[in-house]
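Everything below concerns the one structure shown next.
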Amino acid sequence: MFPGLNEQMDVIRQGVVDLLPENELVHKIEKSIKQNKPLNIKLGADPSRPDLHIGHAVVLHKMRQFQDLGHEATLIIGDFTGMIGDPTGKSKTRPQLTLEETKINGQSYIEQATIILRADRLIVKYNSEWLNSMNFVDVIKLASNYTVAQMLERDDFSNRYKSGTPISIHELLYPLAQGMDSVVIKSDVELGGTDQKFNLLVGRELQKQYGVEPQCILTMPILAGTDGIQKMSKSLDNYIALTDSPKEMFGKTMSIPDNLITLYMLHAAFMDSAKIKATEEGLKDGSVHPRNAKVETAMKIVEVYHGADSAKSAFEEFERIFVNKDIPDVIDEMVIECDGGKIGLADLLMTALLTPSKKESRRLIEQGGVTVDGEKCTDPFTHIDISTKRLLKVGKRKFLYVISN
RNA sequence: GGGCAGAUACCGAAGCGGUUAAACGGGGCAGACUGUAAAUCUGCUAGGGUAAUCCUUACGGAGGUUCGAAUCCUUCUCUGCCCA
185 MFPGLNEQMD VIRQGVVDLL PENELVHKIE KSIKQNKPLN IKLGADPSRP
235 DLHIGHAVVL HKMRQFQDLG HEATLIIGDF TGMIGDPTGK SKTRPQLTLE
285 ETKINGQSYI EQATIILRAD RLIVKYNSEW LNSMNFVDVI KLASNYTVAQ
335 MLERDDFSNR YKSGTPISIH ELLYPLAQGM DSVVIKSDVE LGGTDQKFNL
385 LVGRELQKQY GVEPQCILTM PILAGTDGIQ KMSKSLDNYI ALTDSPKEMF
435 GKTMSIPDNL ITLYMLHAAF MDSAKIKATE EGLKDGSVHP RNAKVETAMK
485 IVEVYHGADS AKSAFEEFER IFVNKDIPDV IDEMVIECDG GKIGLADLLM
535 TALLTPSKKE SRRLIEQGGV TVDGEKCTDP FTHIDISTKR LLKVGKRKFL
585 YVISN
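In terms of this note's numbering, the first sequence opens at residue 185 and continues consecutively.
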């Protein structure tokens, strides 16, 4: 039994950017209810970057909503297309992976995606299954469906072309390959980030060419990273991973710029719109302090992935370290090898892997970023007696007990 | 096939024979401030060396000219543009 049309559409519309064509989706859902048959919802996974973060969660969460409405999710692991490398949002050609690499990454992708997706009503497919067996004739036939001008409509391509950045021919094939997936699995709806809009529409177009009922496309916003400027991505190191610890999730959320708070409430914490609206107004008239709004958001995000208890302790830990400048409740301990239990501070930091080089150690020490047992130490050459356990603090976040063997 | 332009540190981009571990911007890190790992301000940002006008590595690759090269020459690789 499926929920009614209006109920479904209300859920589906939440937070979306594009839903095209909307009336077609209405027909599809009406039909689905009448025939008691779930829609086939497609989501392509790019296995070239298998580290999922809460930016990916925006779309995955939408997929989950479809599942909860009774529809069927098809997750396409782009093991074949991963070899091409998605040109989306890239100013450079992506490195090409081998099929084995993309397969392994794909597995890890599935594990992380199912943190959000439910395991029933989920079908996983690898697109090498059909793309790998296409021969050159098939490819030419596929390619003849699109023109160069159409491809260049895409921002990524036209920008690169205008700026003189190389575009390899094989990159033009990427959208077509991805579109082929839609033809093969006969998807009713394809989800993606707004940067995928072009690719999704190619899928729709190809379905028509190949005589399959065309899919609707639904795009979700691209979540800005914790720096508040660039989109969230692992390579920019502005991401909150789905597998991050509660502490990390909390801290990273606290580091977002204030103007991102309501955005994160909606797309990362999935809070309800009335609450978000209230916070937005509170922030504007000053009745809500940005820090408190952020704390609330951070706790909610941790709660989504780790539960309410973890959220509470992550918050307490944050208070302890950054507000009360206290030390964490759990600190690692490391046994250091050295003669006579004494070691130069700069050497110590490097040996304890707190810094990548001795130069770096010296810089940090001289800038006052290092304390030993709570006392600031600015001479990189003082020898520290570590025959008894000492507490090192490097920067704001790194704590470590050290002791000699 | 021919002509022209280009390849610089994490990224963008100056430099065009010595004072250049390389301006400037971004990013990153640290400090100050703050009810936040927000904002703002300041400093640092190749490795080694308890110092130096010290050593090593570094301006696409390989050679060469020179007391001395990111800067000049040769050649190779890669990229863009134009002509065919």
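Each residue gets a CB set at the ideal place from its N, CA and C atoms; glycine is no exception.
Owing to the predicted nature of the structure, the values given are computational and were not obtained by experimental measurement.
Check each candidate in the options and name the one with the smallest Cα separation from residue i.
| i | options | result |
| --- | --- | --- |
| glycine 266 | Ile288, Lys392, Ala333, Met335 | Ile288 |
| aspartate 322 | Asp569, Leu357, Ile260, Phe341 | Leu357 |
| isoleucine 300 | Phe250, Val332, Ile268 | Phe250 |
| leucine 326 | Lys309, Ala361, Ser317 | Ala361 |
| glutamate 284 | Thr298, Leu306, Arg305, Tyr310 | Tyr310 |
| glycine 199 | Phe454, Arg475, Phe506 | Phe454 |
| lysine 580 | Leu532, Lys560, Ile401, Ile413 | Lys560 |
| proline 430 | Lys542, Gly525, Phe565, Glu501 | Glu501 |
| glycine 173 | Tyr330, Ser457, Pro564, Pro234 | Not covered by the structure: residue 173. The range shown for the chain is 185 to 589. |
| proline 359 | Leu189, Leu420, Phe341 | Phe341 |
| asparagine 190 | Ser494, Glu214, Ser588 | Glu214 |
| phenylalanine 506 | Gly528, Leu420, Glu517, Lys436 | Lys436 |
| serine 292 | Ser328, Thr427, Met193, Pro187 | Thr427 |
| glutamine 380 | Leu203, Asn207, Asp510, Leu538 | Leu203 |
| isoleucine 568 | Lys543, Asp523, Glu544 | Asp523 |
| threonine 562 | Val578, Ile570, Ser216 | Val578 |
| leucine 384 | Tyr394, Thr403, Lys370, Ile369 | Thr403 |
| aspartate 442 | His473, Ala425, Gln414 | His473 |
| methionine 518 | Val195, Tyr585, Ala333 | Tyr585 |
| valine 396 | Asn207, Ile369, Arg547, Val210 | Ile369 |
| leucine 467 | Ala458, Asp456, Ile445 | Ile445 |
| leucine 315 | Lys496, Asp510, Asp365 | Asp365 |
| isoleucine 217 | Asp194, Leu253, Arg248, Val195 | Leu253 |
Run the proximity test for residue i: is its beta-carbon closer than 7 Å to any non-hydrogen atom belonging to the ligand COA?
| i | result |
| --- | --- |
| valine 386 | In the structure on display, the ligand COA does not appear, and there are no ligands present to speak of. |
Report buried or exposed for residue i, applying the criterion of at least 16 other Cβ atoms within 10 angstroms of its Cβ.
| i | result |
| --- | --- |
| serine 352 | exposed |
| glutamine 296 | buried |
| aspartate 263 | buried |
| aspartate 469 | exposed |
| arginine 475 | exposed |
| lysine 573 | exposed |
| methionine 416 | buried |
| valine 201 | exposed |
| isoleucine 515 | exposed |
| proline 231 | buried |
| glutamine 219 | exposed |
| proline 564 | buried |
| glutamate 355 | buried |
| glycine 387 | buried |
| phenylalanine 382 | buried |
| phenylalanine 320 | exposed |
| lysine 246 | buried |
| isoleucine 673 | The requested residue 673 is not part of the displayed model; the chain covers only 185 to 589. |
| alanine 492 | exposed |
| glutamine 399 | buried |
| glutamine 414 | exposed |
| glutamine 192 | buried |
| arginine 197 | exposed |
| serine 591 | Residue coverage of the chain in this structure runs from 185 to 589, which leaves residue 591 outside it and unanswerable. |
| glycine 209 | Strictly speaking, residue 209 in this sequence is leucine, with glycine absent from that position. So leucine 209 ends up on the buried side. |
| isoleucine 401 | buried |
| asparagine 508 | exposed |
| methionine 185 | exposed |
| threonine 463 | buried |
| asparagine 207 | exposed |
| alanine 498 | buried |
I think residue i touches residue j, with their Cβ atoms under 8 Å apart; what is that distance to the nearest whole Å?
| i | j | result |
| --- | --- | --- |
| isoleucine 260 | alanine 229 | 6 Å |
| proline 512 | phenylalanine 583 | 6 Å |
| valine 367 | isoleucine 225 | 16 Å between Cβ atoms; not a contact. |
| valine 243 | glycine 363 | Contact flag wrong, Cβ pair sits at about 18 Å. |
| lysine 542 | methionine 534 | 5 Å |
| leucine 538 | leucine 576 | 7 Å |
| serine 588 | isoleucine 520 | 6 Å |
| proline 222 | glutamate 256 | 4 Å |
| alanine 530 | isoleucine 549 | 6 Å |
| glutamine 393 | asparagine 329 | 5 Å |
query = Is there contact here, the stretch 399 to 412 with the stretch 230 to 249, by at least three beta-carbon pairs under 8 Å?
reply = Yes, the stretch 399 to 412 touches the stretch 230 to 249.
task = Pair every Cβ in the stretch 438 to 458 with every Cβ in the stretch 478 to 486, then say whether three or more of these pairs are closer than 8 Å.
result = Contact between the stretch 438 to 458 and the stretch 478 to 486 is present, because at least three Cβ pairs lie under 8 Å.
task = For the stretch 543 to 557 and the stretch 482 to 498, state whether three or more C-beta atom pairs, one from each stretch, are separated by less than 8 Å.
result = Counting Cβ pairs under 8 Å, fewer than three are found: no touch.
task = Please list the segments of the beta strand (DSSP E) lying wholly inside the stretch 346 to 371, counting only runs of 3 or more residues, in order along the chain.
result = Counting only runs of 3 or more, we get nothing.
request  = Report the residue ranges of all beta strand (DSSP E) runs contained in full by the stretch 503 to 556; include only those spanning at least 3 residues, in chain order.
outcome  = Here the runs fully enclosed are 517 to 520, 526 to 528, 554 to 556.
task = Give, in chain order, every unbroken run of the beta strand (DSSP E) that is at least 3 residues long and sits entirely within the stretch 379 to 446.
result = Fully enclosed beta strand (DSSP E) runs of 3 or longer: 400 to 404.
key: Residue ranges of each alpha helix (DSSP H) within the stretch 292 to 354, 4 or longer   = DSSP runs (the alpha helix (DSSP H)) wholly in the stretch 292 to 354: 312 to 315, 320 to 327, 332 to 336, 339 to 346.
task = List in chain order: all unbroken alpha helix (DSSP H) runs of 4+ residues lying wholly within the stretch 442 to 482.
result = For the alpha helix (DSSP H) assignment, the uninterrupted runs of no fewer than 4 residues enclosed by the stretch 442 to 482 are, from N- to C-terminal side, 445 to 451, 457 to 469.
message = Quick check for students: name the residue ranges of the alpha helix (DSSP H) that lie wholly in the stretch 213 to 290, counting only runs of 4 or more.
response = Segments of the alpha helix (DSSP H) lying fully in the stretch 213 to 290: 238 to 252, 265 to 268.
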